[in-house]
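Undergrad:
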Amino acid sequence: MRTVVVVHTGPATIQPIKQQFQQILPDVRVINLMDDSLLNDVMAAGHLTEAVTGRIITYMQVGQQMGADVLLNACSSVGEAASVARAAISIPVIKIDDVMAERAVAAGTRIGVVATVRTTLDPTVRLIKSKAAAAGRSIEVKEALAEGGFQALLDGNSELHDDIVKRTIQSLSDKVDVIVLAQVSMARLIPLLADLKVPVLSSPQSGVEAVREALARLG
Numbered sequence: 012m013r014t015v016v017v018v019h020t021g022p023a024t025i026q027p028i029k030q031q032f033q034q035i036l037p038d039v040r041v042i043n044l045m046d047d048s049l050l051n052d053v054m055a056a057g058h059l060t061e062a063v064t065g066r067i068i069t070y071m072q073v074g075q076q077m078g079a080d081v082l083l084n085a086c087s088s089v090g091e092a093a094s095v096a097r098a099a100i101s102i103p104v105i106k107i108d109d110v111m112a113e114r115a116v117a118a119g120t121r122i123g124v125v126a127t128v129r130t131t132l133d134p135t136v137r138l139i140k141s142k143a144a145a146a147g148r149s150i151e152v153k154e155a156l157a158e159g160g161f162q163a164l165l166d167g168n169s170e171l172h173d174d175i176v177k178r179t180i181q182s183l184s185d186k187v188d189v190i191v192l193a194q195v196s197m198a199r200l201i202p203l204l205a206d207l208k209v210p211v212l213s214s215p216q217s218g219v220e221a222v223r224e225a226l227a228r229l230g
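Residues in the sequence shown are numbered consecutively from 12, following my numbering.
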């Protein structure tokens with residue numbers, strides 16, 4: 012049985028990703044490593060720090076020692092740390108939002124990015140711009156921060172979180188060709204957005220599909 016170790020920076024990403032593994036890779040053993048101080052420290056600093064990057068690398072090394080065939084980074088706020096970790100890891104390291112960013116670039120030139128955390132918004136925008144550059148495409152990125160959404164989620168008020176995020180998405184929808192949800196925790200809103208005229212992309216499904224492809228390449 013193949014093993015995938017998922018590195019989380021908070022509890023909100025565990026269930027959405029677990030559901031995708033159950034649907035896409037039901038026969039894979041999934042181990043979750045979660046340290047909520049990672050995201051807390053990034054938010055306190057306002058950006059990814061060397062200390063957090065070091066801890067991400069350590070957790071991924073631990074995941075490899077636990078027998079992982081593939082590692083999955085679950086948090087866009089530390090995605091750039093996962094990229095750094097690849098140099099220290101001898102197994103595939105998948106970032107949850109890589110494929111989503113590629114699909115966004117392919118979907119249009121005006122890309123909206125919605126997040127509830129500023130420290131997720133900025134690296135997601137950088138990722139999309141890097142994917143566009145690699146594809147030779149010229150794009151315009153419009154950012155939207157769903158103020159108060161993350162705190163509502165921390166307070167256990169998922170209904171308020173969803174309402175704030177949905178209104179933010181709707182306000183952006185007439186200005187862009189495609190909308191990217193920058194956080195895994197926002198993916199559950201997808202069924203509520205069927206009436207939008209533009210596609211809305213989230214990362215859990217495409218991220219786990221990328222894991223499936225990485226496992227297939229291992230033979």
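Beta carbons: idealized from backbone N, C-alpha and C, even for Gly.
(1) Would you please state the rounded distance, in angstroms, between the beta carbons of Gly123 and Lys186? I believe it to be under 8 Å.
(2) CB of Ile35 to nearest heavy atom of the ligand NAD: below 7 Å?
(3) Chain B beta carbons: is any one of them nearer than 8 Å to that of Asp133?
(4) Could you name each continuous alpha helix (DSSP H) segment of 4 residues or more that falls completely within the segment 53-83, going from the start of the chain to the end?
(5) Beta-carbon separation of Val110 and Ser217 under 8 Å?
(6) To which residues of the same chain is Met54 closer than 7 Å at the C-beta, ignoring the five residues directly before and after it?
(7) Short of 7 Å in beta carbon distance, which residues of its chain neighbour Phe161, apart from the five on each side in sequence? Order them along the chain.
(8) Report back the beta-carbon spacing between Gly159 and Ile180 to the nearest angstrom; my notes put them in contact at under 8 Å.
(9) Can you give, in chain order, each stretch of the beta strand (DSSP E) that sits fully within the segment 124-203 and has at least 3 residues?
(10) What did DSSP end up calling Arg13 once you bin it into helix, strand or coil?
(11) For Ser214, count neighbouring Cβ atoms within 10 angstroms of its own Cβ and tell me buried if that reaches 16, exposed if not.
(12) Using the three-state DSSP reduction, which class does Ser29 fall into: helix, strand or coil?
(13) Roughly how many whole angstroms lie between the Cα atoms of Ile201 and Lys106?
(14) Short of 7 Å in beta carbon distance, which residues of its chain neighbour Met71, apart from the five on each side in sequence? Order them along the chain.
(15) Since Phe32 contacts Val219 with CB under 8 Å, what's their CB separation in whole angstroms?
TA: So, from the listed chains and residues:
(1) For a cut-off of 8 Å, the C-beta gap from Gly123 to Lys186 is around 7 Å, short enough to register as a contact.
(2) What this structure holds is no ligand at all, so the ligand NAD is not there to describe.
(3) Absent from the structure: chain B. Only one protein chain is present.
(4) 61-76
(5) yes
(6) Listed in chain order, the non-local C-beta contacts of Met54 below 7 Å within the same chain comprise Val128, Thr130, local neighbours out to five positions each way being set aside.
(7) Here the set comprises Thr127, Val128.
(8) Between Ile180 and Gly159 the Cβ distance is about 15 Å, and since that is not below 8 Å, they are no contact.
(9) 151-156, 189-192
(10) The answer is coil: DSSP assigns Arg13 none of H, G, I, E or B.
(11) By the neighbour-count criterion, in which 16 or more other beta carbons inside 10 Å mark a residue as buried, Ser214 falls on the buried side.
(12) The sequence given here places Lys at residue 29; Ser does not occur at that position. Correct three-state label for Lys29: helix.
(13) 20 Å
(14) Val18, Leu82, Ala96, Ile100, Val104
(15) 6 Å
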